[in-house]
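These notes are about the structure you will find just below.
In the numbering used here, the protein residues as written are 742 to 948.
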């Protein structure tokens with residue numbers, strides 16, 4: 742029989758080193774205290790993901806509520822559920838993207854299921870697409886220059902990240918430069934907003 746202390750609090754950690762990265766997942770669960778009045782809630786769960794890719798570490802924290810208590814759904818079981826949910830969600834995104842691309846090309850989506858979406862094949866085809874459309878790949882210099890432009894021309898007046906991102910996307914397209922990865926775009930927007938704020942602070946007249 743589980744002790745009262747374990748029934749109130751429990752935790753589990755797992756580590757995944759696949760796909761060239763290290764991901765440590767820690768799940769902590771607590772029994773819902775009496776003062777929380779949320780229907781059918783038996784436990785509150787914290788999922789902490791620590792990803793390390795090429796020496797760069799990022800941390801993501803997610804909170805989940807569960808209608809089963811910690812005896813019926815211990816952290817190990819919840820971890821399996823969450824991982825399965827993410828796998829299904831990723832698969833659905835992949836199917837949606839493949840169907841969209843197939844529709845744009847006017848071909849059967851089933852035929853794209855066997856396409857190699859990583860490696861030299863897709864890099865070769867991407868280069869062909871860029872040449873056909875008159876685009877070129879983004880360089881580090883492009884990204885640095887556009888981050889400076891973004892901070893000076895956009896972020897000094899517009900502080901909403903989504904609007905700043907829209908202007909950045911439009912500039913990439915106007916210059917006919919292939920978009921970098923979503924993560925790189927986020928970092929460019931954050932850097933531009935931070936630089937614009939620092940410039941505004943240092944340039945403000947003293948009281």
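A virtual CB, placed ideally from N, CA and C, is assigned to each residue, including glycine.
| field | Sequence-distant residues of its chain with Cβ nearer than 8 Å to residue 884 (five each side left out) | value | In the chain shown, residue 884 corresponds to position 143, counting from 1. Only 921, 925 and 929 meet the Cβ criterion.
| request: Use the C-beta contact count for residue 916: other C-beta atoms within 10 angstroms, 16 or more gives buried, fewer gives exposed. | output: The residue labelled residue 916 in the question sits at position 175 within the chain shown. A residue is called buried when at least 16 other Cβ atoms come within 10 angstroms of its Cβ; residue 916 does not meet this threshold and is exposed.
| request: Could you round the C-beta distance between residue 787 and residue 804 to whole angstroms and report it? I think they count as a contact, below 8 Å. | output: Start at 1 with the first residue of the chain shown, and residue 787 comes out as number 46. Start at 1 with the first residue of the chain shown, and residue 804 comes out as number 63. In this structure residue 787 touches residue 804 by the C-beta definition: roughly 6 Å separates them, less than 8 Å.
| Taking DSSP as the reference, what is the three-state secondary structure of residue 895? | Counted from its first residue, the chain shown places residue 895 at position 154. Residue 895 falls in the coil class under three-state DSSP.
| query | Whose C-beta lies closer than 8 Å to the C-beta of residue 879 among residues of the same chain, with five residues either side of it excluded? | reply | The sequence position of residue 879 within the chain shown is 138, counting from 1. Annotation for residue 879: 913, 918, 919, 920 and 921 place their beta carbon closer than 8 Å to its own, counting only its chain and skipping 5 residues before and after.
| In whole angstroms, what is the alpha-carbon distance linking residue 795 and residue 801? | Walking along the chain shown from the start, residue 795 turns up at place 54. Walking along the chain shown from the start, residue 801 turns up at place 60. C-alpha separation (whole angstroms): 17 Å.
| said: With H, G and I counted as helix, E and B as strand and the rest as coil, what does DSSP make of residue 863? | reply: For the purposes of this step, residue 863 is taken as residue 122 along the chain shown, with counting starting at 1. Residue 863: helix per DSSP, three-state reduction.
| request: Go ahead and label residue 816 buried or exposed: buried means 16 or more other beta carbons lie within 10 angstroms of its beta carbon, across all protein chains shown. | output: The residue you call residue 816 lines up with position 75 of the chain shown. Note on residue 816: 16 or more other CB atoms within 10 angstroms of its CB, so buried under the neighbour-count rule.
| For residue 768, does the count of other Cβ atoms within 10 angstroms reach 16, so buried, or fall short, so exposed? | Within the chain shown, the letter at position 27 stands for residue 768. Per the 10 Å Cβ criterion, buried.
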